[in-house]
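Numbering (this note's numbering), first residue to last: 0 to 313.
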């Protein structure tokens, strides 16, 4: 089973408004559910730094990470409006649902990108602003425009875009980087493939219809299940590195072990599910769906444990 490229509607389909864009539509362009995790990991990166900026500047720094991530999401929605219109789970987004002019959405994303980088530079330092700018570029251009429609490794490489916030937060607080935020980057980077591949297993028909070469579309669900387990093993090993280098204490080490064990159990459940048809599980309790939801909880609790360990127990 292989994805067939779709015909782009970027030039061929004019915008025909059905309803005026609302504030909720402008907010939806920023992908608020994605932003919430990005903001948390960015705040965690700032919180584990040896010194913190003044409270007002810290809030501005986190706000810039939030707006920068949202701006990248808006550019992503502008570019992906053709495939979003085909996929069931994205067809109600403001642009494919004809509630918003694509050009206005692109302008919105670019303006917010520039403003977030400049404001972060003024509120903190050039290093943090540079990493934020690169993360926006990586998501909007490297992942969205270059990788997503060309290779089943789109998530593996493109996952770096969502892994930068801990480094941005740490750099905003200190003006430098350290081993710990780099490890946090690596954890998010390794977490992304099993997280999104779990989603792609139960949304495989959507990706096939849109012509996106996600791993289960190109290599099949069985290969994807093994890759989920492989990356989960590597992720769990990476999550133990802070303890190995004495960058975290007993609370984090215990949380990393227990949460990692839970993730491995979920990945094994995905691997052992034999009921595939066109890449979509037929079981009532879909293991891939459960693994996807657990992965969100995993990253939140892991970074929360690191934050508590470093801020309150060290």
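Glycine is no exception: its CB is placed at the ideal position from the N, C-alpha and C atoms.
### Message
What does the alpha-carbon distance come out to for the pair residue 213 and residue 175?
### Response
Going from the Cα of residue 213 to the Cα of residue 175 covers about 36 Å.
### Query
On the premise that residue 123 lies in contact with residue 52, defined as a C-beta separation below 8 Å, what is that separation, rounded to the nearest angstrom?
With a contact defined as Cβ atoms closer than 8 Å, residue 52 and residue 123 qualify at about 7 Å.
#### Entry: Proximal residues to residue 288 (C-beta, below 6 Å), its chain only, five neighbours per side dropped
Exclusion of the five residues before and after residue 288 leaves 201 as the residues of its chain whose Cβ lies within less than 6 Å of its Cβ.
#### Entry: Backbone CA spacing between residue 12 and residue 97 [nearest angstrom]
Model confidence at residue 12 stands at a pLDDT of 47, short of 50, so the residue's coordinates are unreliable; what they give is reported in the following sentence. When only Cα atoms are considered, residue 12 and residue 97 end up about 11 Å apart.
### Task
Alpha carbon to alpha carbon, how far is residue 182 from residue 69? Give it in angstroms, no decimals.
So the alpha carbons of these two residues sit roughly 24 Å apart.
### Task
Can you give me the Cβ contacts of residue 153 inside the same chain, cut-off strictly under 6 Å, excluding the 5 residues immediately before and after it?
Excluding residues within five positions, the ones whose Cβ falls inside 6 Å are 146 and 147.
### Query
Is the beta carbon of residue 28 less than 8 Å from the beta carbon of residue 84?
No, Cβ-Cβ distance for residue 28 and residue 84 is not below 8 Å.
### Query
Which class does residue 51 belong to by DSSP, given the choice of helix, strand or coil?
Assigned with DSSP and collapsed to three states, residue 51 falls in coil, not helix or strand.
### Under the three-state DSSP convention, the category residue 311 falls into
Note: residue 311 maps to coil in three-state DSSP.
### Message
Can you determine whether any heavy atom of the ligand SAH sits closer than 7 Å to the C-beta of residue 241, and answer yes or no?
### Response
Ligands displayed in this structure: none; no statement on the ligand SAH is therefore possible.
### Message
Comparing C-alpha positions only, which one of 293, 171 and 80 sits nearest to residue 46?
### Response
Out of 293, 171 and 80, 171 has the C-alpha closest to the C-alpha of residue 46.
### Query
Taking just the CA atoms, how far does residue 19 sit from residue 304?
Distance between the alpha carbons of residue 304 and residue 19: 44 Å.
### Pair within 8 Å by beta-carbon distance, residue 258 and residue 187
Taking 8 Å as the Cβ cut-off, residue 258 and residue 187 do not qualify as a contacting pair.
### Task
Would you please state the rounded distance, in angstroms, between the beta carbons of residue 169 and residue 44? I believe it to be under 8 Å.
About 4 Å; that satisfies the 8 Å criterion.
### Query
Does the Cβ of residue 58 have 16 or more other Cβ atoms within 10 Å, making it buried, or fewer, making it exposed?
The Cβ neighbour count for residue 58, taken over all protein chains shown within 10 Å, is under 16; the residue is labelled exposed.
### Query
Comparing alpha-carbon positions, which option in 226, 87, 242 and 273 lies nearest residue 263?
Answer by Cα proximity: 226.
### Message
Taking its Cβ as the centre, do 16 or more other Cβ atoms sit within 10 Å of residue 17, making it buried, or is it exposed?
### Response
At residue 17, the pLDDT of 47 sits below 50, so the modelled position is not reliable; the number obtained from the coordinates is stated separately. Per the 10 Å Cβ criterion, exposed.
#### Entry: Burial state of residue 294 (16 or more Cβ within 10 Å)
Buried, by the Cβ-count rule.
### Task
Please report the residue range of the alpha helix (DSSP H) in which residue 116 lies.
DSSP places residue 116 in the uninterrupted alpha helix (DSSP H) bounded by 101-122.
### Task
From the DSSP output, in three-state form, read off residue 219 for me.
DSSP places residue 219 in coil when its eight states are reduced to three.
### Whole-angstrom C-beta distance between residue 108 and residue 73, which should lie under 8 Å
With 8 Å as the limit, residue 73 and residue 108 qualify as a contact, their Cβ atoms being about 3 Å apart.
#### Entry: residue 209 and residue 307 closer than 8 Å at C-beta
Cβ atoms of residue 209 and residue 307: not closer than 8 Å.
### Task
Count the other C-beta atoms from every protein chain shown that fall within 10 angstroms of the C-beta of residue 119, then say buried if there are 16 or more, exposed otherwise.
Counting other Cβ atoms within 10 Å of its Cβ, residue 119 reaches 16 or more and is therefore classed as buried.
### Query
Of the choices 79, 34 and 76, whose alpha-carbon is the least far from that of residue 62?
The shortest C-alpha separation from residue 62 is found at 34.
### Task
Write down the C-beta distance between residue 193 and residue 234 rounded to the nearest angstrom, noting that I regard them as a contact closer than 8 Å.
Going by Cβ atoms, the distance from residue 193 to residue 234 rounds to 7 Å, so yes, they are a contact pair.
### Query
Skipping 5 residues on each side, what residues in its chain have a beta carbon closer than 6 Å to that of residue 87?
Only 205 meet the Cβ criterion.
### Query
Alpha carbon to alpha carbon, what distance is there between residue 191 and residue 60?
So the two alpha carbons sit approximately 24 Å from each other.
### Task
Indicate the three-state DSSP secondary structure (helix, strand or coil) for residue 130 in the structure shown.
Helix, per DSSP.
### Query
Are residue 141 and residue 163 close, meaning C-beta to C-beta below 8 Å?
Not a contact, by the Cβ cut-off of 8 Å.
### With 16 other Cβ atoms within 10 Å as the buried cut-off, status of residue 166
Per the 10 Å Cβ criterion, buried.
### Message
If distances are taken between C-alpha atoms only, which option among 95, 189 and 217 comes closest to residue 149?
### Response
Proximity to residue 149 across 95, 189 and 217 peaks at 217, based on C-alpha coordinates.
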